[in-house]
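In case it helps, our numbering puts the sequence shown at residues -19 to 159.
Reviewing the structure listed below.
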Amino acid sequence: MEKIKKSNLLVLMLVFIDQFSKIIVNTFLKNNSFRIFGGKIGFDLYLNKDYMSVFNHDLNLNLSMFTLIIINIFILVFLVTSYTYVLKNKGLNNLLRILLLISIAGAICSLIDKIFWGGSLDFIVFFGYIIDLKDIMLYIGLVLFYIIYLFKYEIKKIDLNEIQSLSIKGYFQYLRNIF
């Protein structure tokens, strides 16, 4: 139970930081922008209503806001149930669990953006992309989770006892029990 409280606190802090930064930027820095290093790094406020997800930006699926919200909810449910399943079975190490929590916070921020901002309020210029803290959370959380998981458990095959209790079948049984 203590781990759940700490987990919730971390997620809430990350969501607060993301949303508070957007409120500050939107309120006080709306008409400001700058770029350095040949325009590769900087600040530029942009309300992204067109390409709010990888589905529209990278895959050009042109999904509606409603569809993106439904997908976001499914991803969030998957991440939260995966985290609680891993925690219940004492699987994975602390770093991987923290990376999952960072991803959960990013998914919550993404949902808040779609519902309350009407899009993603991006303001960090990073090598031609305008992103926000939520994007950083999602990429760091999911990409590092996958890299570390593959390296530690699949390539090096160390600490396999951390994942022996985890399985796809066990996850679906867990879902059936909570729903």
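Just so you know, even glycine gets a beta-carbon here, dropped at the ideal spot from N, CA and C.
message: Would LEU140 and TYR133 qualify as a contact pair, given that the criterion is a beta-carbon distance under 8 Å?
response: yes
message: I want to know whether the region 86 to 95 touches the region 43 to 58 - three or more CB-CB distances under 8 Å.
response: yes
- prompt: Rounded to the nearest angstrom, how far is the Cβ of GLY121 from that of SER62, given a contact under 8 Å?
  reply: About 12 Å separates the two Cβ atoms, so there is no contact after all.
task: Could you check if LYS137 is buried or exposed, using at least 16 other CB atoms within 10 Å of its CB as the buried criterion?
output: exposed
- prompt: Can you name the start and end residues of the alpha helix (DSSP H) that ASN74 belongs to?
  reply: 74 to 92
- prompt: Do you know offhand how far SER145's Cα is from TYR119's?
  reply: 27 Å
task: Report all residues from its chain with a CB closer than 6 Å to the CB of ASN52; omit the five preceding and five following residues, and keep chain order.
output: SER90, LEU91
- request: Inspect the beta-carbon positions of LYS10 and LEU27 and report whether they are closer than 8 Å.
  value: no
- prompt: Nearest-angstrom Cα distance between LEU72 and LEU(-10)?
  reply: 18 Å
message: Output needed for MET117: all residues of its chain with C-beta closer than 8 Å, excluding positions within five of it in sequence on either side, in chain order.
response: LEU(-6), ASP(-2), ILE82, SER83, ALA85, GLY86, CYS89
Separation of ASN(-12) from PHE(-4), as counted between CA atoms: 12 Å
- prompt: Straight-line CA distance for PHE131 to THR7?
  reply: 43 Å
field: Of the residues ILE78, LYS20, ASP93, the one placed nearest PHE46, counting alpha carbons only
entry: ASP93
task: Look at the Cβ atom of LYS2, then the Cβ atom of ASP112, and state whether they are nearer than 8 Å.
output: yes
message: Let me confirm a value: TYR109 is counted as buried when at least 16 other C-beta atoms fall within 10 Å, else exposed. Which label applies?
response: exposed
- prompt: Nearest to GLN153 by alpha carbon, out of SER100, THR64, VAL105, PHE96?
  reply: THR64
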